[in-house]
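Working notes, beginning with the structure itself.
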Amino acid sequence: MSTLGLVIIVAVLIIAGGWWWARRRRLRIQHEHAQWMRAINLGVGKALHDAGLAVGLKVTGQPVEEVWHRQVMLAHFTLPVGSGVTVAQVQAAFSGAHLAQLALTDCFVQAEDQQLNFDVAYLVNDATKAYVADLARVE
């Protein structure tokens with residue numbers, strides 16, 4: 028076998044190994060994010076249910092993509108204004124000490140689509156805790 032053949036084989040192995048490693052890492056991150064979203068959805072659903080809000084409504088958040096790539100665990104939720112839930116009620120639902128891993132970071136009504144919008148941070152890592160601390164400083 029010639030030297031050129033060995034170089035080609037080594038190059039192919041390096042490229043294939045890099046592709047395999049990157050794919051495996053991407054799948055692991057997707058799996059972690061799915062687990063975190065399940066935990067956030069369960070926590071938010073419990074907080075709203077315990078406060079007597081959004082009973083009978085399925086509450087499912089969406090990851091806020093602008094910050095997830097930095098490992099900041101933030102999810103965005105919406106409820107129809109017709110559900111009778113107010114900004115003050117959502118804020119009160121998240122003010123309890125029993126929600127140590129969840130922090131309400133934003134809550135507002137968007138007039139255009141008649142939706143109550145709120146963002147919840149899942150305080151499981153330093154990046155998310157720093158993000159929430161930065162928001163508190165800005166306010």
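Okay, so the sequence shown: first residue is 28 according to my numbering, each after it adds one.
Idealized CB from N, CA, C, for every residue including glycine.
(request) Compare the beta carbon distance of Ala-168 and Leu-101 with 7 Å and say whether it is the shorter of the two. (result) Because residue 168 is not part of the residues shown, which for the chain are 28 to 166, the question remains open.
(request) Could you pull the start and end residues of the beta strand (DSSP E) that Ala-102 belongs to? (result) Start and end: 101-107.
(message) I'd like to know if the segment 151-161 and the segment 112-126 are in contact, where contact means that at least 3 CB-CB pairs between them fall below 8 Å.
(response) Under the Cβ criterion (8 Å, minimum of three pairs), the segment 151-161 does not count as touching the segment 112-126.
(message) Please classify Ala-120 as buried or exposed, where buried requires at least 16 neighbouring CB atoms within 10 angstroms.
(response) Buried, because 16 or more other Cβ atoms sit within 10 Å of the Cβ of Ala-120.
(request) Starting from His-146, follow its DSSP beta bridges and name the residues at the other end. (result) In the sequence under discussion, the amino acid at residue 146 is Asp, which differs from the His named in the question. Per DSSP, the beta bridge partners of Asp-146 are His-103 and Asp-133.
(request) Could you check the C-alpha separation between Arg-55 and Trp-48 for me, to the nearest Å? (result) One Cα belongs to Arg-55, the other to Trp-48, and the distance between them is close to 11 Å.
(message) For the alpha helix (DSSP H) containing Lys-73, name the first residue and the last one.
(response) Lys-73 -> alpha helix (DSSP H) spans 30-77.
(request) Pick helix, strand or coil for Gln-89, following the three-state DSSP scheme. (result) In the structure shown, Gln-89 adopts extended strand secondary structure according to DSSP, grouped into three states.
(message) Can you tell me whether Ile-41 sits near the ligand ATP, meaning its C-beta is under 6 Å from at least one heavy atom of the ligand?
(response) The ligand ATP is not part of this structure, which contains no ligands at all.
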